[in-house]
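Undergrad: The structure follows.
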Amino acid sequence: TLNLPLPAGTKARKYLATLAQALDAIDVAGCTATVVSLGVDTFERDPISRFKLREADYLEIGRRLARLPQPVAFVFEGGYATEEVGRNAVSVLEGFEAAR
Numbered sequence: 063t064l065n066l067p068l069p070a071g072t073k074a075r076k077y078l079a080t081l082a083q084a085l086d087a088i089d090v091a092g093c094t095a096t097v098v099s100l101g102v103d104t105f106e107r108d109p110i111s112r113f114k115l116r117e118a119d120y121l122e123i124g125r126r127l128a129r130l131p132q133p134v135a136f137v138f139e140g141g142y143a144t145e146e147v148g149r150n151a152v153s154v155l156e157g158f159e160a161a162r
């Protein structure tokens with residue numbers, strides 16, 4: 063287990079740098095598959111979020127996840143900005159598919 067807690071107010075730059083750490087750890091561990099618990103409650107207008115990710119950031123998250131060489135499964139976890147939750151989740155998947 064690798065925990066990489068981030069502070070309230072985290073924006074994309076710090077989030078993506080931390081994601082890079084996680085992806086490196088997955089590479090080192092030699093995983094044969096990865097399950098992504100896809101929660102988009104990190105969105106800046108999510109009513110319970112203290113993060114500051116924007117819609118375009120989710121596309122980049124997907125692109126970066128696509129660097130994983132093993133099979134990747136996405137399991138939707140949540141997000142509570144009801145107007146944007148679908149768009150944000152789809153953006154991750156579109157970024158992933160475009161970069162694969």
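Sequence positions in the sequence shown follow our numbering and run 63 to 162.
Don't be surprised by glycine CBs; every beta carbon is placed ideally from N, CA and C.
Since the model is a prediction, treat every value here as computed from it, not as a measurement.
Can you find the residues in the same chain that come closer than 8 Å, C-beta to C-beta, to V137, ignoring five residues on each side of it along the sequence?
TA: The count along the sequence shown starts at 1 and reaches residue 137 at position 75. Answer for V137: V97, V98, S99, L100, listed in chain order.
Undergrad: What does the alpha-carbon distance come out to for the pair A118 and G92?
TA: Within the sequence shown, the letter at position 56 stands for residue 118. Within the sequence shown, the letter at position 30 stands for residue 92. If I take the Cα positions, the gap works out to 30 Å.
Undergrad: Mapping DSSP to helix, strand and coil, what is T96?
TA: Along the sequence shown, read from residue 1 onward, the residue named residue 96 stands at position 34. If DSSP states are grouped into helix, strand and coil, T96 belongs with the strands.
Undergrad: Count the CB pairs spanning the segment 102–111 and the segment 130–145 that are closer than 8 Å, and state whether there are at least three.
TA: In short, these stretches touch, since the Cβ pair count reaches three.
Undergrad: Which partner residues does A135 have in the DSSP bridge list?
TA: By 1-based counting over the sequence shown, the position of residue 135 is 73. Answer is V97, bridged to A135.
Undergrad: Under three-state DSSP, which class holds G124?
TA: Your numbering for residue 124 matches position 62 in the sequence shown. Residue state, collapsed to three classes: helix.
Undergrad: Span of the alpha helix (DSSP H) holding V102?
TA: One-based indexing of the sequence shown puts residue 102 at position 40. No alpha helix (DSSP H) holds V102; DSSP gives it neither H nor E.
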